[in-house]
Structures are given as C-alpha cells and as structure tokens.
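Q: Heads up: take any position in the sequence shown, counting from 1, add 3, and you land on my numbering. Each residue gets a CB set at the ideal place from its N, CA and C atoms; glycine is no exception.
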Amino acid sequence: MAPPSAANLALPWIWLSLLLALCLQVMPLAEGWQLWRPDWLGLMLVYWCMKTPYRVGVFHGFVLGLLLDLIEGAVLGHNALLLSLLAFLCALVYPRFRAYSLVQQALMVLVLLGSVQLADQWLRTLVGSFSIHLAFLTPSLIGALLWPWFATLFNLLGRRLARD
Numbered sequence: 004m005a006p007p008s009a010a011n012l013a014l015p016w017i018w019l020s021l022l023l024a025l026c027l028q029v030m031p032l033a034e035g036w037q038l039w040r041p042d043w044l045g046l047m048l049v050y051w052c053m054k055t056p057y058r059v060g061v062f063h064g065f066v067l068g069l070l071l072d073l074i075e076g077a078v079l080g081h082n083a084l085l086l087s088l089l090a091f092l093c094a095l096v097y098p099r100f101r102a103y104s105l106v107q108q109a110l111m112v113l114v115l116l117g118s119v120q121l122a123d124q125w126l127r128t129l130v131g132s133f134s135i136h137l138a139f140l141t142p143s144l145i146g147a148l149l150w151p152w153f154a155t156l157f158n159l160l161g162r163r164l165a166r167d
C-alpha cells in the first residue's frame with residue numbers, strides 16, 4: 004500500500020487544528036482574564052484561509068461559527084456570520100497577504116480580526132448589550148502579536164507532517 008500523500012493528510016490536519024482552536028476559544032477562564040484571550044478560532048481560520056485558500060473558506064467559517072454559537076448559547080448565526088465574514092475578507096486579501104513579511108502579515112491579521120471584532124460589537128449593540136469602550140479590540144491585538152510565532156509553528160509542523 005502506498006504511503007498517504009501530503010494532500011490526503013492535509014484535510015484531517017486542518018479539521019483537527021480548527022477543532023482544537025474551537026476548544027481553546029470556549030475554554031472557561033476567570034472573569035478578568037476573558038478580555039485577554041486571543042481569538043483562537045479566528046487566528047486559525049485566517050491561517051488556513053491563507054495557507055490553503057482552495058480548501059478552507061467561507062463554508063468552514065460558517066460551520067465553525069454555528070458550532071461556536073451552539074456551544075456558547077449565542078444567537079444562532081451570530082458567530083457564523085462573523086467567521087464567514089472573516090473567511091471572505093481573507094479571500095479578498097489573499098494574493099497580497101502571501102507576499103508580505105511576517106510583521107506585515109501580523110498587521111494585516113490585526114486589521115482582519117479587528118474588522119470582525121468591530122462587526123461583532125455592532126451586532127451586539129443591535130441585540131442590546133451595548134459597550135462603549137475599545138477593550139473589545141484586545142483579542143485582535145493579542146492575535147496579531149501571536150501571528151509570527153503561530154504561523155512559523157504551523158508552517159514547521161506542516162513541513163514535518165509532509166516529510167514523514
């Protein structure tokens with residue numbers, strides 16, 4: 004029997020990493036620490052949308068958003084809309100994103116995640132829980148700071164999986 008190719012290994016690896024990010028996203032934290040949690044699911048979705056745009060896209064964002072809605076007990080479709088928007092924005096900036104350095108990519112991740120956080124805040128004001136401060140952008144900033152290490156780690160793991 005022939006060994007599995009890198010393309011066959013990629014799909015389970017993608018879904019495993021996205022589900023791990025979903026688990027990190029809903030992991031309970033103490034009251035004061037929730038503000039400092041990076042948007043793990045958004046960060047992982049950005050990574051896979053930029054790494055394999057032909058495999059991961061708006062559909063993945065929608066499915067993961069529905070799962071997040073069900074787990075968090077949020078309005079059904081809230082996170083699905085936001086993660087679909089994130090995947091769509093990633094598809095728009097994909098050609099330029101790949102040419103950027105890691106620092107420029109981190110700034111682009113800040114813009115992408117910040118845009119989605121802003122849309123999230125806007126949707127929350129429509130539902131009724133209004134917040135006037137800019138602290139909702141903290142997870143985007145932390146995600147942008149983590150991006151160079153995050154992208155490097157997953158690129159190395161991907162090469163190792165493809166080699167083995």
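Mind checking G35: buried by the 16 CB within 10 Å criterion, or exposed?
A: exposed
Q: By how many angstroms is the C-alpha of C26 removed from the C-alpha of L69?
A: Per the coordinates, the alpha-carbon of L69 lies some 14 Å from the alpha-carbon of C26.
Q: Do G60 and G146 have their C-beta atoms closer together than 8 Å?
A: no
Q: Taking 8 Å as the cut-off, decide whether the C-beta atoms of L32 and R40 are in contact.
A: yes
Q: Report the rounded CA-to-CA distance for M111 versus L140, giving the unit in angstroms.
A: Whole-angstrom Cα-Cα distance: 14 Å.
Q: Put A122 into one of helix, strand or coil per three-state DSSP.
A: helix
Q: Rounded to whole angstroms, what is the Cα-Cα separation between L67 and L22?
A: 8 Å
Q: Does the stretch 98-105 touch the stretch 146-163, meaning 3 or more C-beta pairs lie closer than 8 Å?
A: Verdict: yes, contact present.
Q: Along the alpha helix (DSSP H) that carries E2, what are the first and last residues, could you check?
A: Outside the shown range of the chain (4 to 167) lies residue 2, about which nothing can therefore be said.
Q: Let me make sure I understand the geometry here. Which of L113, I74, R101, Y50 has the alpha-carbon closest to that of L144?
A: L113
Q: Can you look up R166 in the DSSP assignment and give me helix, strand or coil?
A: helix
Q: Which of the three DSSP states, helix, strand or coil, is assigned to S143?
A: helix
Q: Taking the CB atoms as reference points, tell me whether V96 and V130 lie closer together than 8 Å.
A: no
Q: So what does DSSP say about A102, is it helix, strand or coil?
A: coil
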